[in-house]
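First the structure, in the form of structure tokens, and then the observations on it.
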């Protein structure tokens, strides 16, 4: 909790946006005379905008025996709370979409993939009343890269990567950490970077997704 | 001001006797936060913190018959005082050296009021007392604003005061032992000076 005066002491939790509250004040003088007041108020409404920036191929998962260039398909889900999906972007093609963790000159977009160019349009979400069930906003990502021999290789920032995350709660590492307090609760373009790792030990396909998060209170 | 580890009964002390120096008593109950011996500190106002010896006669009883697990002690208060208690588990923490970090496992603040000292601001100017008498109201002005995750309250008083502010939703209100409505969770407290 933010306070206007250094002489004041903060205790307890932050307030949730869009909720009705009551503030009760008590002043007491040195003789024990006292006066009270109460103020009903409503915290401002939270608006979150997610701009998808880049998917970075950290390791394209190449194995001995793979023939030709690496290819993959990707999914990005925006989660509100544990399981509610606000948006799902799907792009790439496991047979034709090129990826490379060490691209040749002129082919850098195979390592640093613009998400806007892949149709990942921004998501704007207004939460009228924030509660513990809808407070968190998270990004889940999954990729599947092709192998010439053996099974194709999934990678995700949730477990198990071999499944779509329908029943997987949003992991802590996938959630945006909302700042709180008078000076810092609103942010513009704060990066949220999530990392997808392979499910199987020994596999190497790994990538990050960067999303810029803007939080406003209206 | 309920806390599973630290509680006071009553959490607002009402002194019935208006004689200066008269006291009323609150009783503190602490419960160890972990397996270690609890570390309890206390202070009046903004004085230095003092460690509470967790042995009889200071500890008057214990639900577990072990003051290292839980215990009760009482504190007499005169009207106008405020009293704070903190509970730590680390014996090396001295809140005088590090007031806010690390956070205590629990903290409570108890105000002491003169039972007959409630001031209701006068409505009409003719109700105001003559010059030289105590101010008819403590609160000269107040203002507030809020964002999405915070609330700010400013109060200007006519004399130096302690200032307590509790914020919660309406469902957080509970009846205390005196039958007064209070908020169960303290979010903000305190300012002990004039503004």
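Residue numbers (the numbering used here), protein chains in the order written: chain H, 2 to 219; chain B, 45 to 239. Glycine is no exception: its CB is placed at the ideal position from the N, C-alpha and C atoms.
Using a CB distance below 7 Å, the part of the segment 182-200 of chain B facing chain H consists of 182, 183, 186, 188, 190, 191, 192, 193, 194, 195, 196, 197, 198 and 199, ordered along the chain. With a threshold of 16 other beta carbon atoms within 10 Å, residue 149 of chain B meets it and is buried. Taken in chain order, the whole beta strand (DSSP E) runs of length 3 or more contained in the segment 92-121 of chain H are 113-115. Between residue 200 of chain H and residue 175 of chain H the beta-carbon gap is near 15 Å, outside 8 Å, which marks them as no contact. Put simply, the CB of residue 36 of chain H is near chain B, with a gap under 9 Å to one of its CB atoms. For residue 175 of chain H, the secondary structure class from DSSP, reduced to helix, strand or coil, is helix. By the criterion of a C-beta distance shorter than 7 Å, residue 182 of chain B is surrounded in its chain by 163, 201, 202, 203 and 205, once the five residues flanking it on both sides are discounted. Taking a Cβ-Cβ cut-off of 9 Å, residue 117 of chain B has no neighbours in chain H, whose nearest Cβ is about 22 Å from it. Nearest CB-CB separation between residue 210 of chain B and chain H: below the 9 Å threshold. Here the C-alpha atom of residue 112 of chain B lies approximately 21 Å from the C-alpha atom of residue 146 of chain B. For residue 44 of chain H, a Cβ of chain B is located within less than 9 Å of the residue's own Cβ. Here the alpha carbons of residue 197 of chain B and residue 54 of chain H stand approximately 40 Å from one another.
For residue 199 of chain B, the uninterrupted beta strand (DSSP E) run begins and ends at 195-201, by DSSP. Against chain H, the CB of residue 206 of chain B has a partner CB under 9 Å away; the residue lies at that interface. Ranked by Cα distance from residue 34 of chain H, the first of B:210, B:195, B:190 and B:180 is B:180. Residue pairing by DSSP puts residue 189 of chain B in a beta bridge opposite B:196. Under DSSP, residue 61 of chain H takes part in no beta bridge, so it has no partner.
Rounded to whole angstroms, the separation of the alpha carbons of residue 72 of chain B and residue 119 of chain B is 8 Å. If you draw a straight line from the Cα of residue 155 of chain H to the Cα of residue 217 of chain H, it is about 35 Å long. Across the set B:108, B:90, B:98 and B:114, the C-alpha of B:90 shows the shortest separation from the C-alpha of residue 143 of chain B. When the beta-carbon positions are compared, residue 65 of chain B and residue 32 of chain H stay at least 9 Å from each other. Measuring C-alpha to C-alpha distances from residue 130 of chain B to each of B:92, B:108 and B:189 identifies B:92 as the nearest.
The DSSP-derived three-state label of residue 159 of chain H is coil.
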